[in-house]
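Participant: Residue numbers (the working numbering), protein chains in the order written: chain A, 6 to 382; chain B, 6 to 382. The structure is given below, and queries will be raised subsequently.
Protein chains: 2
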Amino acid sequence: MGRVLRPTAKALPGHARAHNRSMVLQHLFHSGPTSRADLARSTSLTRVTVSDLVAALMAEGLVEELGARAEGKVGKPASLVGMRTQEFHVVAVDLADDAWMRGAVMTLTGDVVARRSVALDGRVGDAAVIALEDLCRDLLAAADRPVIGVGIGSPGVIDSLGTVVEAPNRDWYDVPLAADLSAALDVPVHVANDANTAALGEFTLGGAGGSGLMVLTVGQGVGAGIVVDGALVQGHRHAAGELGHVTVVDDGVDGPAPLCACGRRGCLETVLAVPALRRRLAGLDPAAADVELAAVGRVLGVALAPVVSALNLSELRFSGPRDLLDGPLLRTAQATVQQRTMPVVGADLRLGMASLGEDVALCGAAVLVLSGQLGIT
Amino acid sequence: MGRVLRPTAKALPGHARAHNRSMVLQHLFHSGPTSRADLARSTSLTRVTVSDLVAALMAEGLVEELGARAEGKVGKPASLVGMRTQEFHVVAVDLADDAWMRGAVMTLTGDVVARRSVALDGRVGDAAVIALEDLCRDLLAAADRPVIGVGIGSPGVIDSLGTVVEAPNRDWYDVPLAADLSAALDVPVHVANDANTAALGEFTLGGAGGSGLMVLTVGQGVGAGIVVDGALVQGHRHAAGELGHVTVVDDGVDGPAPLCACGRRGCLETVLAVPALRRRLAGLDPAAADVELAAVGRVLGVALAPVVSALNLSELRFSGPRDLLDGPLLRTAQATVQQRTMPVVGADLRLGMASLGEDVALCGAAVLVLSGQLGIT
DNA sequence: ATAAGTAAGGAAGGTCTACTAACAAACGTG
DNA sequence: CACGTTTGTTAGTAGACCTTCCTTACTTAT
């Protein structure tokens, strides 16, 4: 039949156990300290099973007993258990920028403990990998708690195993980054596209945990990460979210559409990327600048309306320079999307800046580890 | 934290068993008769476990022994087991048409055994439900094999439990169709949006089993069903795929954009729906008609390009009248999408008519049952 | 023709996991 | 102070899969 069968995961005997373990951790992570009995109710497991799982998690040090709950209700007072989110660290690296590799040591809640940055100084290929490895070692040394793993958000197309299929700006082609770094550092390493990590971060830590989220990252280029029905969209060739090179400007009366680095004309990047925006606004007074930003917002809205409709998104968040995005651009984009979609789709849509600010991609890299190692999303 | 926790399914003790059972059935369904040892290799379960599962499936009558394999290899010859796809029936109903309810009795491979249709004669609301129930009874009586379940593809917004949230054309609002019919007919009933069932049918039976598929249904209106990473996209309010009312035509020099039934202007339905297309072509000679169809194809391509890019789709299939769609319209749409997306995204895209033809939605309704009852996707 | 190697399928026994049932502890309430 | 309520634990049970070992049946090499 020529049909591509997806690699359906087999159900090992311990599979159910791992799933239930993740559910317990997930609840503790998102809802804070909880009693075993409450966990049992939330997960619809029995109290016995939950006690067993909690005991195992305590043995691992991931969870701790926190004493009796203060509130006075009838019956035996519950003793709370909580996740030790501050007693473990995660190393997160954001490679989105072309000039700097930015990294951080974070707690499991995404609080930054230490930062390190390294200038790329034009290094690409293997040299860039070596610089990245050094940065990771540096960060691992800076952590003073056990490190759960390393999460990396990188530009380019990256498959689900953390192999960089292609990242032209770093001259990486088919580089098994996750596997190599994991072997070199002896720590679990997870790698994903930077826009995808941004979406993941916003979804898990930024309060966008609804059902349809897209995060648009605006920097040197434009990228997008999409979370639908609770899962990151990968796409046919792991290239989902590559919105930067969709044509959005047609040749018109003003002459031909602007030329893009990719060789075609009128790509979204030629109007929305930061360099393009800065060029466009250079020398304009504020009022004229606002008009230009609104024009970009409208173009963006026209392109996003079909996507918002097709996926029935509930959240659309932006990451990038506030001074450019968070004003007429976003307002016009939102208005345009609403004008161009069904009321039920457009009215529900919430559109705004990423609540995690500059650190979205970094937080997302941390969430990548949480998700990969502990099953928390 | 205000975060909406998805209803994470708990892992029952029998959960793994059910999963493995589905995997075995899935392989037998898609790959045909297979030996137990081959099944074990494909599922990465042990031969013992597979034998056990196969024995259970044989006891249920879903699977049968087919004797030794002809091919001569070393070692003990394998005895093949196969799924008894012709010994069970599924009832499928397509409610997409405003005038007719079309139903069929099908085998598990989607072959039609019997057809029944009922004119709606303007019936809506409860009367339409009663007519549907009668049609189902009729079809159940026409089946001469055990019936696994009933699958229904209906217009409107439908949640994952098979409740019609809203279907204005039928005057259905919050009708628990699946639950009610299941109780009335004493058979499992599954209901989904007709465009979604079309996508499901094309995905499972139409050879579009890649990783990103969108099916566009063009009839009275325009709808879309999307399968990404192997799962149907539901969307925030179960309204994913509602592409018919995205604005695609702007007011221009030719005057204002055409008015849509929804009250706004320039919706996709005002150019792509069948009535609109017929009106547009009325009285034109073939050459002029082709120009018009190409113009519609271009408008469609412009709207689809961002969606194709965002999801990195690999298949884009159309269901509707061949004479209108399968010509300049599709050719131009494909060319437009390719012009307006990155080469890696657009070049990989395969675009064409649904391979299941008229029966896409019907086959999809059958797949809905296969998926819901047997875990086959 | 006979021995050796290979593969399929089944039987026995072990382990893991989560469930049910029953119970002790600790607290409000009448 | 007795009682009901809720929590968390102990003990026993059932399900599901695994590993190991065996028989069967065929191809291939000597």
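Glycine included, C-beta positions come from ideal geometry on N, C-alpha and C.
Is there a C-beta anywhere in chain A that falls below 9 angstroms from the one on Gln339 (chain B)?
Facilitator: No, its Cβ sits nowhere closer than 9 angstroms to a Cβ of chain A.
Participant: Would you call the CB atoms of Leu166 (chain A) and Ala183 (chain A) closer than 9 angstroms?
Facilitator: In contact: Leu166 (chain A) and Ala183 (chain A) (Cβ atoms closer than 9 angstroms).
Participant: If the cut-off is 7 angstroms on Cβ atoms, which residues from the stretch 174-196 of chain B count as contacting chain A, listed in chain order?
Facilitator: Under the 7 angstroms Cβ criterion, the stretch 174-196 of chain B contributes no residue.
Participant: With the cut-off set at 9 angstroms, would you say Val276 (chain A) and Val301 (chain A) are in Cβ contact?
Facilitator: Yes. Within cutoff.
Participant: What does Asp57 (chain A) reach in chain B if we use C-beta pairs closer than 7 angstroms?
Facilitator: Neighbours of Asp57 (chain A) on chain B: none; closest Cβ ~14 angstroms, over 7 angstroms.
Participant: Pick helix, strand or coil for Asp353 (chain B), following the three-state DSSP scheme.
Facilitator: Helix, per DSSP.
Participant: What three-state label does DSSP hand Met106 (chain A) in the structure shown?
Facilitator: Residue state, collapsed to three classes: strand.
Participant: Going along the chain, which unbroken runs of the alpha helix (DSSP H) with 4 or more residues stay wholly within the stretch 156-218 of chain A?
Facilitator: DSSP runs (the alpha helix (DSSP H)) wholly in the stretch 156-218 of chain A: 182-190, 199-209.
Participant: Expressed to the nearest angstrom, what Euclidean distance is found between the alpha-carbon atoms of Leu100 (chain A) and Arg175 (chain A)?
Facilitator: Those two C-alpha atoms are separated by around 10 angstroms.
Participant: Leaving out the 5 sequence neighbours to the left and right, which residues in its chain are closer than 6 angstroms to Thr222 (chain A) when beta-carbon positions are compared?
Facilitator: Closer than 6 angstroms at the Cβ level, and outside the excluded window around Thr222 (chain A), lie Ala200, Ala203, Gly228, Ser324.
Participant: Return the bridge partner residues of Thr28 (chain B) from the DSSP annotation.
Facilitator: Sequence check: residue 28 (chain B) is Met here, not Thr. Paired residues: none, contrary to the question.
Participant: Please go through the stretch 94-151 of chain A and give each complete beta strand (DSSP E) segment of 3 or more residues, from N-terminal end onward.
Facilitator: For the stretch 94-151 of chain A, whole beta strand (DSSP E) runs of length 3 or above, ordered along the chain, are 94-99, 105-112, 117-124.
Participant: Kindly indicate if chain A contains any beta-carbon less than 9 angstroms away from that of Glu92 (chain B).
Facilitator: Cβ-Cβ to chain A under 9 angstroms: no for Glu92 (chain B).
Participant: Check whether the stretch 74-83 of chain B and the stretch 92-109 of chain B touch, using three or more Cβ-Cβ pairs below 8 angstroms as the test.
Facilitator: The stretch 74-83 of chain B, when compared against the stretch 92-109 of chain B, does not touch it at the 8 angstroms Cβ threshold.
Participant: Which residue spans inside the stretch 210-263 of chain B form an unbroken beta strand (DSSP E) run of at least 3?
Facilitator: Segments of the beta strand (DSSP E) lying fully in the stretch 210-263 of chain B: 217-223, 227-233.
Participant: In the DSSP output, which residue or residues are listed as bridge partners for Arg270 (chain B)?
Facilitator: Bridge partners of Arg270 (chain B): B:Leu264.
Participant: Please confirm whether Thr39 (chain B) has its beta-carbon closer than 9 angstroms to some beta-carbon of chain A.
Facilitator: It does not: the Cβ of Thr39 (chain B) has no partner Cβ on chain A nearer than 9 angstroms.
Participant: Does DSSP classify Thr39 (chain B) as helix, strand or coil?
Facilitator: It is a strand residue.
Participant: Could you tell me which whole alpha helix (DSSP H) segments of length 4 or greater appear in the stretch 279-330 of chain A?
Facilitator: For the stretch 279-330 of chain A, whole alpha helix (DSSP H) runs of length 4 or above, ordered along the chain, are 279-286, 291-316, 327-330.
Participant: Output, in chain order, the set of chain A residues within a Cβ distance shorter than 7 angstroms of Ala308 (chain B).
Facilitator: Ordered by position in chain A, the residues that pass the 7 angstroms Cβ test against Ala308 (chain B) are Pro311.
Participant: List the residues of chain B that Met383 (chain A) touches, going by C-beta distances under 7 angstroms, in chain order.
Facilitator: The question about residue 383 (chain A) has no answer here: the residues shown for chain A are numbered 6 through 382.
Participant: Under 8 angstroms, with one C-beta from each stretch per pair, do the stretch 336-343 of chain B and the stretch 366-374 of chain A reach the 3-pair mark?
Facilitator: Too few Cβ pairs lie closer than 8 angstroms, so no.
Participant: May I ask you to verify whether the stretch 346-353 of chain B touches the stretch 238-253 of chain B, counting CB pairs closer than 8 angstroms and requiring at least 3?
Facilitator: Flag = no, the stretch 346-353 of chain B and the stretch 238-253 of chain B do not touch.
Participant: Return the chain-ordered list of same chain residues with a C-beta closer than 6 angstroms to the C-beta of Leu318 (chain B), the five sequence neighbours on each side being excluded.
Facilitator: Here the set comprises Gly217, Met219.
Participant: By alpha-carbon positions, which one of B:Arg22, B:Arg41, B:Leu50, B:Gln91 ends up nearest to Ala73 (chain B)?
Facilitator: Ranking B:Arg22, B:Arg41, B:Leu50, B:Gln91 by Cα distance to Ala73 (chain B) puts B:Arg41 first.
Participant: Just reading off the alpha helix (DSSP H) that Ala5 (chain A) is part of, what are its end residues?
Facilitator: Summary: the structure shown does not reach residue 5 (chain A), with chain A confined to residues 6 through 382, and so no result is reported for it.
Participant: Figure out for me which residue from A:Val180, A:Ile153, A:Leu334 has the closest Cα to the Cα of Val162 (chain A).
Facilitator: Ranking the options by Cα distance to Val162 (chain A), first place goes to A:Val180.
Participant: Among the candidates A:Ala188, A:Glu320, A:Ala172, A:Leu354, whose CA atom is the shortest distance from the CA of Val155 (chain A)?
Facilitator: Comparing Cα positions, the closest option is A:Ala188.
Participant: Counting only C-beta atoms, is Ile231 (chain B) closer than 9 angstroms to chain A at any point?
Facilitator: Cβ-Cβ to chain A under 9 angstroms: yes for Ile231 (chain B).
Participant: Could you tell me the alpha carbon to alpha carbon distance between Val196 (chain A) and Ser159 (chain A), rounded to whole angstroms?
Facilitator: Approximately 7 angstroms, taken between the alpha carbons.
Participant: Do you know how far the Cα of Val129 (chain A) is from the Cα of Ala21 (chain B)?
Facilitator: Cα-Cα distance, rounded: 46 angstroms.
Participant: Kindly say whether Thr112 (chain A), judged by its beta-carbon, lies nearer than 9 angstroms to any beta-carbon of chain B.
Facilitator: Cβ-Cβ to chain B under 9 angstroms: no for Thr112 (chain A).
Participant: Let me know the secondary structure DSSP gives Ala61 (chain A) once reduced to three states.
Facilitator: Helix.
Participant: Which bits of chain A does Glu247 (chain B) rub up against, with CB to CB less than 9 angstroms?
Facilitator: Simply Ser314, Ala315, Asn317, Thr346, Met347, Val349, Val350.
Participant: Look at the alpha carbon of Ala262 (chain B) and the alpha carbon of Asp234 (chain A), and state the distance between them as a whole number of angstroms.
Facilitator: C-alpha separation (whole angstroms): 35 angstroms.
Participant: List the residues that DSSP assigns as beta-bridge partners of Ser84 (chain A).
Facilitator: Looking at the DSSP assignment, Ser84 (chain A) forms a beta bridge with A:Ala73.
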